[in-house]
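K.L.:
Keeping their order, the protein sequence lines are chains A and B.
Sequential numbering of the first sequence, starting at 1, is according to my numbering.
Sequential numbering of the second sequence, starting at 1001, is according to my numbering.
All C-beta atoms in this analysis are idealised placements derived from N, C-alpha and C, irrespective of residue type, glycine included.
Please find one structure pasted underneath; my questions will follow.
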Amino acid sequence: MDEALVQTVIPPHLSKVLGVESQSRSKAEAFTQAFLENSVPWNTRQDLKAMLTHKAVILNYARTTQDQDKRSRKKAKGLNAHQKRAMKVFHIRPEHQRYELFLPLHNLWRQYIIDLCGGLKASCNPQFVQQKLVKADFHGAIITVVRSKCPSYVGTTGILVQEFKHVFKIITKDDKLKVIPKRNSVFAVEINGFVSHIYGNRFEQRAGERSAKKFKVRGTIDL
Amino acid sequence: MCADLERIPRTLLVSERSSFQNQKNQLSAHVGQHHFNYKVSVLLPECGSAPPLLDAALNGFSSFYLIRNLPVYMLLDQDFLQTAVHQGSVYGLSFGCRVDEDPCVALMPNGRLVLSLDKDSFELLGFERKKYRFTKRATSRYVVSVNFSDSSMTPGGRGYQRLLTGLKTHLPLVVDFLVSHHPGGTTALQPLLSRYDWSEHRPSVSTRCLANLPCPLLTSDLQSCDPHSVLDWLGAVDADVSCENSSSSFLSTMVCPEPKTTASSALNMSVSGFLNPHEIHHLIQELRSYLDQSQLASWVALTVHGFTDSPVSWAGDERSVLWSGNTFYSLLLFKDDTYQLHLATGAHHTCPP
């Protein structure tokens, strides 16, 4: 191991987090020496010099291969909804709720959609684009509520950060995380001049399940 | 089935009798609160030619303006609100929009703007609506009512911004707009008139002289003559429908209510356009002075009709034309300074005050 790495100064922001003080070089060397002398067991004191030279010390026992196989055969069980809510896996912390943080995600999504539709040129057939979009994932899209039975939702625009079965969670330019129910609303998604309207009433499936599901035409699209 | 229809009240008639001597009479309130007047017709029995003062009053109705293709968000323009709405009174109504099909707009002098929208327009606009009081289903029309004197509706306020964005981007409504301003003149309406195509119109006046007209004997007592039949007869005279009920004619079975006399001559004058309540008030005063001076006539009738396509009725209350809703009022003036006022509206509107 490179000795220089062990003896570098701790970066200032880490030192605040860890709660330690960085010491000067000479003090650090003296401390390290004293610490090592104290840690080494008594009976090998005579052989200190030999101990302190670089030798590969095996720290962990090597496990036998049989135990390893047994361990890997246990499948990882997922968390159930109760545990997910308790662990707050899908909770976005306030310090992460910033619009700028999700802009790279939006660019990724645009690339993904353009690749999915085989390059969105102006001459593309809208039908074809729609068919691809129905199975597509919308995390990272900028969506706008165009019509809604509840007038206060109309006009909200933002990047979609999470899609659940019945709601969209979007983050607006004002860094506000808004939860918009899918029911009784119509959303608009715009890519390269193609504007698609998503009728929320027909879109109430989880994102993963939607890619496998067939859409049936039933009822009206009136809100 | 006809019997069922008869039982449901389709129209509402409120009759009021009072005197001009009575300090608490509400005539001026009623006249002033009927903001949008389309036609005023006057019936003068025992009168051969138009008295000059009355003629002058009828011809003196101020002109109104028709602005073509006005985007509705311009009504929220700050200059317009400052000059026209907060100083003086502005009356505005959308023209050519059918109230049960198209979005209609009404602007009242107390600074209230009413938008009557259908379901799709309302869902696009994104502004909350007033609760509709009369039908449980309430899915036919959506009324958005805004008061410009509210704190949130001052320019820069939250509600104002939201309505402005809604009318500019989400639902760009464009209507032909009839507008008139009370102290008159084009200066107050300049912010609107300077930007759009407009034309000035004068109310049209017509006069008809009728000979040997059977008239009911009207006295100031309400019980003497049934108001419904009197109003029927007044309407028949105004529409030039014959009241003879002759057996050979199948067009009309209307009759003049009993007891009746025959007036040798009568004058029917009407003025139609976009009329101002202040001038109607002035006309009523002229009619009073004419009646005082005239020897032959004992009563005079004045009828004011509202617009069919107005989204509001009395004092800005909601109105729906689907429930037989032409609002009008008839005023019968008598020689002894008393009057009878009949206010008519559809049964599903708020009762006139």
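Look up Ala1355 (chain B) in the DSSP assignment and say whether it is helix, strand or coil.
P.N.:
The question about residue 1355 (chain B) has no answer here: the residues shown for chain B are numbered 1001 through 1353.
K.L.:
Of all Cβ atoms in chain B, is any one closer than 7 Å to the Cβ of Gly155 (chain A)?
P.N.:
yes
K.L.:
Compare the C-beta of Arg147 (chain A) with all C-beta atoms of chain B and state if any pair is closer than 7 Å.
P.N.:
Yes, contact with chain B.
K.L.:
For Cys1256 (chain B), which residues of its own chain have a beta-carbon under 8 Å away from its beta-carbon, when the five flanking residues on both sides are left out?
P.N.:
Spatial neighbours of Cys1256 (chain B) in its own chain (CB-CB distance under 8 Å, excluding positions within 5 residues in sequence) are listed in chain order as Pro1214, Cys1215, Pro1216, Trp1233 and Cys1243.
K.L.:
For chain B, check one thing: does any of its Cβ atoms lie closer than 7 Å to the Cβ of Leu223 (chain A)?
P.N.:
Look at Leu223 (chain A): its C-beta is under 7 Å from a C-beta on chain B.
K.L.:
So, does the CB of Glu1123 (chain B) fall closer than 7 Å to a CB anywhere in chain A?
P.N.:
yes
K.L.:
With 7 Å set as the bound, which would you pick, yes or no: does the beta-carbon of Gly1126 (chain B) sit closer than that to a beta-carbon of chain A?
P.N.:
yes
K.L.:
Are the beta-carbon atoms belonging to Gly1092 (chain B) and Leu1107 (chain B) less than 7 Å from one another?
P.N.:
yes
K.L.:
Which partner residues of Ile143 (chain A) appear in the DSSP bridge assignment?
P.N.:
A:Gly158 and A:Val189
K.L.:
Under 7 Å between beta-carbons, which chain B residues line up against Pro181 (chain A)? List them in chain order, please.
P.N.:
Chain-order list of chain B residues neighbouring Pro181 (chain A): empty, with the shortest C-beta distance near 15 Å, by a criterion of under 7 Å.
K.L.:
With hydrogens ignored, establish whether the beta-carbon of Gly155 (chain A) is closer than 6 Å to any heavy atom of the ligand GTP.
P.N.:
Among the ligands in the structure shown, none appear at all, so the ligand GTP cannot be discussed.
K.L.:
Find out if the Cβ-Cβ distance for the pair Ser185 (chain A), Ser148 (chain A) is shorter than 7 Å.
P.N.:
yes
K.L.:
With the cut-off set at 7 Å, would you say Ser1015 (chain B) and His1342 (chain B) are in Cβ contact?
P.N.:
yes
K.L.:
Can you pull the chain B neighbours of Pro104 (chain A), defined as C-beta to C-beta under 9 Å?
P.N.:
Simply none; closest approach about 28 Å.
K.L.:
Which of helix, strand or coil does DSSP assign to Gln1340 (chain B)?
P.N.:
strand
K.L.:
Considering Pro1109 (chain B), what are the terminal residues of the beta strand (DSSP E) in which it resides?
P.N.:
No beta strand (DSSP E) holds Pro1109 (chain B); DSSP gives it neither H nor E.
K.L.:
Quick test of the definition: if touching needs 3 or more C-beta pairs under 8 Å, does the stretch 1058 to 1073 of chain B touch the stretch 1297 to 1312 of chain B?
P.N.:
Counting Cβ pairs under 8 Å, fewer than three are found: no touch.
K.L.:
Just the chain A side, please: which residues come within less than 9 Å of Thr1165 (chain B) by C-beta, in chain order?
P.N.:
Gly155
K.L.:
My understanding is that Ser1094 (chain B) touches Asp1176 (chain B), with C-beta atoms under 8 Å, so please give their C-beta distance in whole angstroms.
P.N.:
7 Å
K.L.:
What would DSSP say about Arg1158 (chain B), mapped onto helix, strand or coil?
P.N.:
helix
K.L.:
With a 10 Å radius around its C-beta and 16 neighbouring C-beta atoms as the bar for buried, classify His54 (chain A) as buried or exposed.
P.N.:
exposed
K.L.:
Taking Asp222 (chain A) as the reference, which of B:Lys1119, B:Ser1019 and B:Ala1057 has the closest Cα?
P.N.:
Out of B:Lys1119, B:Ser1019 and B:Ala1057, B:Lys1119 has the C-alpha closest to the C-alpha of Asp222 (chain A).
K.L.:
I'd like to know whether the C-beta atoms of Thr1345 (chain B) and Leu1012 (chain B) end up nearer to each other than 7 Å.
P.N.:
yes
K.L.:
Please return the same chain residues whose Cβ sits closer than 8 Å to the Cβ of Gln205 (chain A), not counting the five positions on each side in sequence.
P.N.:
Lys165 and Lys213
K.L.:
In angstroms with no decimal places, state the Cα-to-Cα distance between Leu958 (chain B) and Gly119 (chain A).
P.N.:
Absent from the model: residue 958 (chain B). The displayed extent of chain B is 1001 to 1353, so no value can be given.
K.L.:
I need the straight-line Cα distance from Ala1266 (chain B) to Phe1061 (chain B), nearest angstrom please.
P.N.:
23 Å
K.L.:
Leu1332 (chain B) and Ala1301 (chain B): beta carbons closer than 7 Å?
P.N.:
yes
K.L.:
According to DSSP, is Thr1253 (chain B) part of a helix, a strand, or is it coil?
P.N.:
coil
K.L.:
Taking 8 Å as the threshold, find out whether the stretch 1046 to 1054 of chain B comes into contact with the stretch 1182 to 1198 of chain B through three or more Cβ pairs.
P.N.:
no
K.L.:
Any idea if Gly1166 (chain B) is buried or exposed, counting beta-carbon neighbours within 10 angstroms, 16 or more meaning buried?
P.N.:
buried
K.L.:
Quickly, what does DSSP pair Arg1208 (chain B) with across the bridge? List them, please.
P.N.:
B:Asn1268
K.L.:
Have a look at the DSSP bridge pairing and note the partners of Gly1306 (chain B).
P.N.:
B:Asn1037
K.L.:
Do Leu1043 (chain B) and Asn1212 (chain B) have their beta-carbon atoms positioned less than 7 Å apart in this structure?
P.N.:
no
K.L.:
What in chain B is Cβ-close to Pro94 (chain A), meaning under 8 Å?
P.N.:
The contacting residues do not exist; Pro94 (chain A) stays about 24 Å from chain B at best.
K.L.:
Check Phe1080 (chain B) in the structure and name its three-state DSSP category.
P.N.:
helix
K.L.:
Report buried or exposed for Ser1151 (chain B), applying the criterion of at least 16 other Cβ atoms within 10 angstroms of its Cβ.
P.N.:
Ser1151 (chain B) should be labelled exposed.
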